[in-house]
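Peer 1: Just so it is clear: in the sequence shown, position 244 is 245 by the working numbering, and no numbers are missing. Ideal Cβ placement from N, Cα and C applies to all residues, glycine included. None of these values were measured; they are calculated from a predicted model. Could you have a look at this structure, given as C-alpha cells, before my questions?
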Amino acid sequence: GEVSNCRPNKSGHVYFTLKDSNAQLACVLWRSTAARLRLGLRDGLQVQAFGEISVYEAQGKYQLVVARVQEKGVGALQARFEELKRRLEAEGLFAAGRKRPIPAFPRTIALVTSPTGAAIRDLLTVLGRRAPWIHILVVPVPVQGRGAEDEIAAAIGWLNQQSGNTLPAIDTMIVGRGGGSIEDLWCFNEEVVARAIAASAIPVVSAVGHEIDFTIADFVADLRAATPSAAAELVAPDGAELRRRLGWLYRRLSGGTAARIGSHARLLAAWSRESLGRAPRFALREARQRLDTIGSDLEAAVLARTDTAGRVLAQA
C-alpha cells in the first residue's frame, strides 16, 4: 500500500500508516531494522511491507511490526533478475575465461551513457585529469525508461561496427550511468544489453549505479566498476605517475650508460699500460687496434640501446 503519516522518532524507530483504497494499518519499524533499510520511507511511497502482527496494548490496536520493506514491484523485478542471471550463467556468459583484459594504455575510449547525467560529468572529469591525451567518443543513449535497453544495445553494436572504419580504433568501452532505484537501473538487467556486451569485440567496462548496485551487465562485462568515476580510474593511466616513472627510467638509463662507458674506459687504459710493459711496440699497436674495435662496438651498442629505449619511451 501507500505510506502515509510517516513519523521518524528521536529514538530511531519509525512509525507510519500503510493504506490502500479500502483499508489502513498502523506500522512500526524498529531502530535496528530501520538502520539496515536502504529505502528512504516517505509519505506517498508505494511499498510492500513484511512482518508480524502485534497489538499495541496502550492504545488497544493492531499494528504491523515491519521486518522488511521494499518498493512496490521490486519483488517481481528481483525474480526476473535471478531467473535471467541463472540462465546466462549456465550459458557461460559470466565465465572468467571469456573476459578480456582492459588495455593499460588506451588511445581511444567510448562512453555509452546519458549525455546529461552526473555520470558523463564524472567520467570526463576523471579522464581529463588522469590522461588528457586519450581520445574520448561519447555515444548518447537514454539510460532508463521504455526502450532504453534497445538503444544501449544498438550503440554497443554500432561502435563495434565502426571502430577502425568511420571511427578511430576503440580500445575500451564504458557502459553505464549513475545511481537510482532498481527500476531506474533496470535496462542494464535486460537480456538484449547483456548479449550485446557479450558479443562486443571491444573490451567493455560496466559502470552502473553505486558501489552496492549490481546488474546483469556487471556480470557479463569484461570488468565491473563500482561507479562511473571508478571506471575512469580503472581504464585511464595516471599521467602524473607515468611522468615520474619515465623520469626515473631516463635517469637510470643515463646513469647506467655513463657507468658502463667509464668502466670500459678504465679497463682499456689499464690493459694498455700492462701490454706496453711486456711487449712495447707490438703490444701497443695491437692494443690500439683492439681499442678501436671495442670502441666502435661499444659506441654502436650504446646507440642501439639508446635508440631502442627511446622508441619504448616514445610509445609509452
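Rounded C-beta distance between residue 110 and residue 236? I'm assuming under 8 Å.
Peer 2: For the purposes of this step, residue 110 is taken as residue 109 along the sequence shown, with counting starting at 1. For the purposes of this step, residue 236 is taken as residue 235 along the sequence shown, with counting starting at 1. Indeed, because the Cβ distance is near 6 Å, the residues count as touching under 8 Å.
Peer 1: Just checking my contact of residue 46 with residue 15 at CB under 8 Å: how many whole Å lie between their CB atoms?
Peer 2: Locating residue 46 in the sequence shown gives position 45, where the first residue counts as 1. Locating residue 15 in the sequence shown gives position 14, where the first residue counts as 1. Incorrect: roughly 12 Å between the Cβ atoms, too far for contact.
Peer 1: Mark residue 278 as exposed unless 16 or more other C-beta atoms lie within 10 angstroms of its C-beta, in which case mark it buried.
Peer 2: Counting from 1 along the sequence shown, the entry for residue 278 is found at position 277. Unreliable positioning characterises residue 278 in this predicted model, as indicated by a pLDDT of 48, which lies under 50. A coordinate reading is not provided.
Peer 1: DSSP three-state call for residue 142: helix, strand or coil?
Peer 2: Along the sequence shown, one-based indexing puts residue 142 at 141. Coil.
Peer 1: Is residue 257 helix, strand or coil when you go by DSSP?
Peer 2: As a first step, residue 257 is located in the sequence shown; it is residue number 256 there, counting from the start. Residue 257: helix per DSSP, three-state reduction.
Peer 1: Report the option in 138, 29, 42, 71 whose CA atom is closest to the CA atom of residue 53.
Peer 2: Position 52 of the sequence shown holds residue 53. Nearest C-alpha to residue 53: 29.
Peer 1: DSSP has residue 52 in a bridge; who is on the other side?
Peer 2: The sequence position of residue 52 within the sequence shown is 51, counting from 1. The partner list for residue 52 (beta bridge, DSSP) reads 67.
Peer 1: Could you pull the start and end residues of the beta strand (DSSP E) that residue 25 belongs to?
Peer 2: One-based indexing of the sequence shown puts residue 25 at position 24. Start and end: 25 to 30.
Peer 1: Rounded to whole angstroms, what is the Cα-Cα separation between residue 55 and residue 216?
Peer 2: Position 54 of the sequence shown, counted from the start, is the residue given in the question as residue 55. Position 215 of the sequence shown, counted from the start, is the residue given in the question as residue 216. Spanning the two alpha carbons is a distance of roughly 37 Å.
Peer 1: Applying the criterion that 16 or more other CB atoms from any shown protein chain within 10 Å of the CB defines a buried residue, is residue 314 buried or exposed?
Peer 2: Here residue 314 refers to the residue found at position 313 when the sequence shown is read from its first residue. Its Cβ having fewer than 16 others within 10 Å, residue 314 is exposed.
Peer 1: Roughly how far, in whole angstroms, is the beta-carbon of residue 171 from the beta-carbon of residue 160, given that I think they are within contact range, below 8 Å?
Peer 2: Locating residue 171 in the sequence shown gives position 170, counting from the first residue. Locating residue 160 in the sequence shown gives position 159, counting from the first residue. Between residue 160 and residue 171 the Cβ distance is about 6 Å, and since that is below 8 Å, they are a contact.
Peer 1: Is it true that the CB of residue 168 sits closer than 7 Å to the CB of residue 139?
Peer 2: Walking along the sequence shown from the start, residue 139 turns up at place 138. Walking along the sequence shown from the start, residue 168 turns up at place 167. Against a cut-off of 7 Å, the Cβ pair of residue 168 and residue 139 comes out as no contact.
Peer 1: Give me the DSSP bridge partner(s) of residue 47.
Peer 2: The residue given as residue 47 occupies position 46 in the sequence shown. Paired residue(s): 3.
Peer 1: Within its chain, find whatever has a CB closer than 6 Å to the CB of residue 141; leave out the 5 residues flanking it on each side and keep chain order.
Peer 2: As a working note, residue 141 is residue 140 in the sequence shown. Correct list, in chain order: 116.
Peer 1: Beta-carbon separation of residue 127 and residue 233 under 7 Å?
Peer 2: Position 126 of the sequence shown holds residue 127. Position 232 of the sequence shown holds residue 233. The answer is yes: Cβ separation under 7 Å.
Peer 1: How far does the beta strand (DSSP E) with residue 105 in it reach, from first residue to last?
Peer 2: Position 104 of the sequence shown, counted from the first residue, corresponds to residue 105. Counting along the chain, residue 105 falls outside any beta strand (DSSP E), and DSSP gives it neither H nor E.
Peer 1: For the segment 97 to 109 and the segment 203 to 215, state whether three or more C-beta atom pairs, one from each stretch, are separated by less than 8 Å.
Peer 2: At 8 Å Cβ cutoff, the stretches touch.
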